[in-house]
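Encoded as structure tokens, the structure appears first; notes follow it.
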Amino acid sequence: MQFELDVNGERHALDLDPRTSLLDALRDHLGLTGSKKGCDHGQCGACTVIVEGRRINSCLTLACMHEGDEITTVEGLGAPDDLSPLQRAFVEHDGYQCGYCTPGQICSATAMLGEIEKGWPSNVTEDLETQVEASIEEISERMSGNLCRCSCYPGIVDAIRQVAKEEARA
1 MQFELDVNGE RHALDLDPRT SLLDALRDHL GLTGSKKGCD HGQCGACTVI VEGRRINSCL
61 TLACMHEGDE ITTVEGLGAP DDLSPLQRAF VEHDGYQCGY CTPGQICSAT AMLGEIEKGW
121 PSNVTEDLET QVEASIEEIS ERMSGNLCRC SCYPGIVDAI RQVAKEEARA
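Dropping the structure here:
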């Protein structure tokens, strides 16, 4: 099946089996290896990418379903010499160890901060009438779909809280 994907601001023409997952298209056909295949069941979040501003598990969706969608991978968030605020904060707060889950964590956190900015409630949001705050409880709940086997959760939460505070001041 022939189709095009818009990934990190670039159009890519692909000719793939229609059963190819978005994750496999990104990694195996476009060489964007930031997103990882962790569980291949949507349970770990290592494959998280941002599609149309929302975070998704790329292992659970077909690539051909996203023709015309704006797809952002961790490679599209920043570069080694120009890190995104979250990428910088993950480094500053040691929000990684082995790094395997880090790209999915950063993509998920990027989209999650957008959810908070839009006022979307989570399961632990207490007051639906006020602006949602990036509290430890909110971040923990919203990031619960991204697992870290190295247990870097304190550094991950600290990094996200730092960026949330910086964005709130801006």
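Under UniProt numbering, think of the first position of the sequence shown as 1, with each following residue one higher.
Cβ coordinates follow ideal geometry from the N, Cα and C atoms, glycine included.
C-alpha gap between residue i and residue j, whole angstroms
{"i": "residue 88", "j": "residue 77", "result": "11 Å"}
{"i": "residue 147", "j": "residue 44", "result": "5 Å"}
{"i": "residue 122", "j": "residue 138", "result": "7 Å"}
{"i": "residue 12", "j": "residue 159", "result": "33 Å"}
{"i": "residue 73", "j": "residue 151", "result": "23 Å"}
Same chain, Cβ closer than 7 Å to residue i, five either side skipped, listed in chain order
{"i": "residue 166", "result": "85"}
{"i": "residue 60", "result": "42"}
{"i": "residue 124", "result": "137, 138, 141"}
DSSP three-state assignment for residue i, whether helix, strand or coil
{"i": "residue 24", "result": "helix"}
{"i": "residue 77", "result": "helix"}
{"i": "residue 29", "result": "helix"}
{"i": "residue 109", "result": "helix"}
{"i": "residue 141", "result": "helix"}
{"i": "residue 11", "result": "strand"}
{"i": "residue 162", "result": "helix"}
Proximity to residue i [Cα-Cα], best of the options
{"i": "residue 57", "options": "75, 67, 24, 29", "result": "24"}
Alpha helix (DSSP H) segment containing residue i, residue limits
{"i": "residue 131", "result": "No alpha helix (DSSP H) contains residue 131, which DSSP labels as neither H nor E."}
{"i": "residue 86", "result": "85-92"}
{"i": "residue 43", "result": "Segment: none, residue 43 is in no alpha helix (DSSP H) and carries neither H nor E."}
{"i": "residue 124", "result": "Careful: residue 124 lies outside any alpha helix (DSSP H) and carries neither H nor E."}
Same chain only: Cβ atoms within 8 Å of residue i, ignoring 5 sequence neighbours per side
{"i": "residue 66", "result": "5, 22, 51"}
Endpoints, the beta strand (DSSP E) within which residue i is located
{"i": "residue 55", "result": "54-57"}
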